[in-house]
Amino acid sequence: MADLLKTRGLLDIESLDRGTIQELLDRAKFFQPGPGETYKRLESLKGKTTVNLFFEASTRTRVSFEIAERRLGGDSISIAAQGSSTSKGESLVDTLNTLAAMRPHAVVMRHAASGAPQFVSRHLKLPIVNAGDGTHEHPTQALLDARTILDHRPTLTGLRVAIIGDIAHSRVARSNIHLLSKFGADIVLCGPPSLLPQELAQMAPGVRLSWNMQDALAGADVIMMLRVQLERQYESPMLASEYFRFYGLRPEHVELASPHVIVMHPGPINRGRELSSEVADSQRSVILNQVENGVAVRMAVLERILG
Ligand code: NCD
Numbered sequence: 295m296a297d298l299l300k301t302r303g304l305l306d307i308e309s310l311d312r313g314t315i316q317e318l319l320d321r322a323k324f325f326q327p328g329p330g331e332t333y334k335r336l337e338s339l340k341g342k343t344t345v346n347l348f349f350e351a352s353t354r355t356r357v358s359f360e361i362a363e364r365r366l367g368g369d370s371i372s373i374a375a376q377g378s379s380t381s382k383g384e385s386l387v388d389t390l391n392t393l394a395a396m397r398p399h400a401v402v403m404r405h406a407a408s409g410a411p412q413f414v415s416r417h418l419k420l421p422i423v424n425a426g427d428g429t430h431e432h433p434t435q436a437l438l439d440a441r442t443i444l445d446h447r448p449t450l451t452g453l454r455v456a457i458i459g460d461i462a463h464s465r466v467a468r469s470n471i472h473l474l475s476k477f478g479a480d481i482v483l484c485g486p487p488s489l490l491p492q493e494l495a496q497m498a499p500g501v502r503l504s505w506n507m508q509d510a511l512a513g514a515d516v517i518m519m520l521r522v523q524l525e526r527q528y529e530s531p532m533l534a535s536e537y538f539r540f541y542g543l544r545p546e547h548v549e550l551a552s553p554h555v556i557v558m559h560p561g562p563i564n565r566g567r568e569l570s571s572e573v574a575d576s577q578r579s580v581i582l583n584q585v586e587n588g589v590a591v592r593m594a595v596l597e598r599i600l601g
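The working numbering puts the first residue of the sequence shown at 295, with every later residue one more than the last.
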């Protein structure tokens, strides 16, 4: 597994074994800053250049990869598709071949097409880090989510996790389902029928589906809310107010969960659609802890691949 990470990079959670995930999570803990501190500065990526190629919008993921690269002493260049030759009609493979000719040591990429990083990785002899591909996977998000849960709970095994929202279009949900089920969590996926594909119940052991928020939240240790992916919905989506009425997380819902429940969201959050401000800003919310762990986890991943 170690060699695959070094040669191929990190394409998904599905193909990682539990031991490798645990090592990355432990290393991320080492990188977490103490109170009032910033992230450690190391030289593990000294002399290494990473290209961050984002074909889709990103704030947290892109900036945290950049900070991680710099804290590890590496050089990095970020390219947004809008400002690159893809907007002049260049194909994905031509763009990647062009970049590879400039000899970076790794490429971090986000793309709207599911499977794009896997496709690129078959053509280029460069480690690729998937920063989110279509509706498929977002491996570093699942790692930072697991790191955040483990900062609040001793183990993932037997944990009751409710993942709520636009499951159909969520790469965050898919990566989390793979990771959490490898560690024996009980997962309930909840959303409106049109956004909750029935086949996901077979995706991994310990997964069940529900259309009902109250049912999904009963006794939950972790509530993971998802953004409605309007950019991936081709049929007319539910009105924000209608969605919020049935699937928006409000304080009375949190009462149904376990008393020590934590509320998560990968961001960007849409207040008043999937989440009320009262919950987003409450003591139960660990949304900013997730962002903080994003840097630590990406440091662990980059160090493992390039260090
Ligand atoms: C997520 C993504 O892009 O998949 N955001 C993120 O990386 N923090 C979730 C989303 O956009 O809804």
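Quick reminder that beta carbons are idealized off the backbone N, C-alpha and C, glycines included.
* Asked: Is it the case that the Cβ atoms of Asn346 and Arg354 are separated by a distance below 8 Å?
  -> As a working mapping, residue 346 is identified with position 52 in the sequence shown. As a working mapping, residue 354 is identified with position 60 in the sequence shown. No, these two residues do not count as a Cβ contact at 8 Å.
* What is the C-beta distance between Arg447 and Ala425, in whole angstroms, given that I count them as a contact (C-beta under 8 Å)? -> For the purposes of this step, residue 447 is taken as the residue at position 153 of the sequence shown. For the purposes of this step, residue 425 is taken as the residue at position 131 of the sequence shown. The pair is not a contact, with the Cβ atoms about 26 Å apart (cut-off 8 Å).
* Since Asn346 sits in a beta bridge, which residues does DSSP pair it with? -> Locating residue 346 in the sequence shown gives position 52, where the first residue counts as 1. According to DSSP, Asn346 bridges with Ser372, Val402.
* Kindly identify the DSSP beta-bridge partner or partners of Ile307. => In the sequence shown, the residue the question calls residue 307 occupies position 13. Paired residues: none, contrary to the question.
* Once you ignore the five residues that flank Ile471 on each side, which residues in its own chain have a CB closer than 7 Å to its CB? -> Here residue 471 refers to the residue found at position 177 when the sequence shown is read from its first residue. Excluding residues within five positions, the ones whose Cβ falls inside 7 Å are Ile481, Met497, Ala498, Val501.
* Please confirm whether any heavy atom of the ligand NCD lies closer than 7 Å to the CB of Thr392. => The count along the sequence shown starts at 1 and reaches residue 392 at position 98. Because no heavy atom of the ligand NCD lies under 7 Å away, the Cβ of Thr392 does not count as near it: no.
* Counting only runs of 3+ residues fully inside the region 400 to 444, write out the beta strand (DSSP E) ranges in chain order. => 400 to 405, 422 to 427
* Asked: Is any heavy atom of the ligand NCD found at a distance shorter than 7 Å from the C-beta of Pro491?
  -> Counted from its first residue, the sequence shown places residue 491 at position 197. Checking the Cβ of Pro491 against the ligand NCD gives no.
* **Check whether Leu450 and Leu483 have beta carbons under 8 Å apart** => What you label residue 450 is simply residue 156 of the sequence shown in a count that begins at 1. What you label residue 483 is simply residue 189 of the sequence shown in a count that begins at 1. It is not a contact, given that the beta carbons lie outside the stated cut-off.
* Should Pro562 be counted as a contact of the ligand NCD given a C-beta to heavy atom distance under 7 Å? -> By 1-based counting over the sequence shown, the position of residue 562 is 268. Pro562: yes, Cβ under 7 Å from the ligand NCD.
* Asked: Under 7 Å from any heavy atom of the ligand NCD, does the C-beta of Gly341 make it?
  -> The residue labelled residue 341 in the question sits at position 47 within the sequence shown. Not under cutoff, so the answer is no.
* Supposed contact pair Phe349 and Ala375 - C-beta distance, whole angstroms, cut 8 Å -> Counting from one through the sequence shown, the residue named residue 375 turns up at place 81. Counting from one through the sequence shown, the residue named residue 349 turns up at place 55. That belief holds up - the Cβ atoms of Ala375 and Phe349 are roughly 4 Å apart, short of 8 Å.
* Run of the beta strand (DSSP E) containing Ile556, from where it starts to where it stops -> On the sequence shown, residue 556 is found 262 positions in, with the first residue counted as 1. Segment 556 to 558, the beta strand (DSSP E) holding Ile556.
* Please report the residue range of the beta strand (DSSP E) in which Arg565 lies. => Indexing the sequence shown from 1 puts residue 565 at position 271. Looking at the DSSP string, Arg565 is not in any beta strand (DSSP E), and its letter there is neither H nor E.
* Asked: Going straight from the alpha carbon of Glu572 to that of Glu384, what length do you get?
  -> The count along the sequence shown starts at 1 and reaches residue 572 at position 278. The count along the sequence shown starts at 1 and reaches residue 384 at position 90. Each residue's alpha carbon lies about 46 Å from the other.
* Asked: What span of residues does the beta strand (DSSP E) with Ala456 cover, start to end?
  -> Indexing the sequence shown from 1 puts residue 456 at position 162. Its beta strand (DSSP E) spans residues 454 to 458.
* Does the beta-carbon distance from Ala551 to Gln326 come in below 8 Å? -> Numbered from 1 along the sequence shown, position 257 holds the residue referred to as residue 551. Numbered from 1 along the sequence shown, position 32 holds the residue referred to as residue 326. No, the pair does not count as a contact, with Cβ atoms beyond the cut-off.
* Asked: Grouping DSSP H, G and I as helix and E and B as strand, with all else coil, what is Met593?
  -> On the sequence shown, position 299 is the one that residue 593 refers to. Reduced to three states, the DSSP call for Met593 is helix.
* **His432 classed as buried or exposed, judged by whether at least 16 other C-beta atoms fall within 10 angstroms** => Reading the sequence shown from its first residue, position 138 is the one you call residue 432. Buried, by the Cβ-count rule.
* How would you call Tyr541, buried or exposed, if buried means at least 16 neighbouring beta carbons within 10 angstroms? -> Working through the sequence shown from its first residue, we reach residue 541 at position 247. By the 10 Å Cβ count, Tyr541 comes out buried.
* **Start-to-end residues for the alpha helix (DSSP H) that takes in Ile315** => Against the sequence shown, residue 315 aligns to sequence position 21. Residues 312 to 325.
* Under 8 Å between C-beta atoms of Arg321 and Ala594 -> Locating residue 321 in the sequence shown gives position 27, counting from the first residue. Locating residue 594 in the sequence shown gives position 300, counting from the first residue. Cβ distance < 8 Å, so Arg321 and Ala594 count as in contact.
* How would you write the range of the alpha helix (DSSP H) that Arg526 sits in, first residue to last? -> Counting from 1 along the sequence shown, the entry for residue 526 is found at position 232. Careful: Arg526 lies outside any alpha helix (DSSP H) and carries neither H nor E.
* To do: Kindly indicate which residue of Gly377, Lys342, Gly459 has the alpha-carbon position closest to the one of Leu543.
  => One-based indexing of the sequence shown puts residue 543 at position 249. Among Gly377, Lys342, Gly459, the Cα nearest to that of Leu543 is on Gly459.
* To do: Please confirm whether any heavy atom of the ligand NCD lies closer than 7 Å to the CB of His432.
  => Here residue 432 is taken as the residue at index 138 of the sequence shown, counted from 1. Yes, the Cβ of His432 comes within 7 Å of a heavy atom of the ligand NCD.
* Please classify Ser579: is it buried, with 16 or more other beta-carbons within 10 angstroms of its beta-carbon, or exposed? => Residue mapping note: residue 579 aligns to position 285 of the sequence shown, counting from 1. Ser579 comes out buried.
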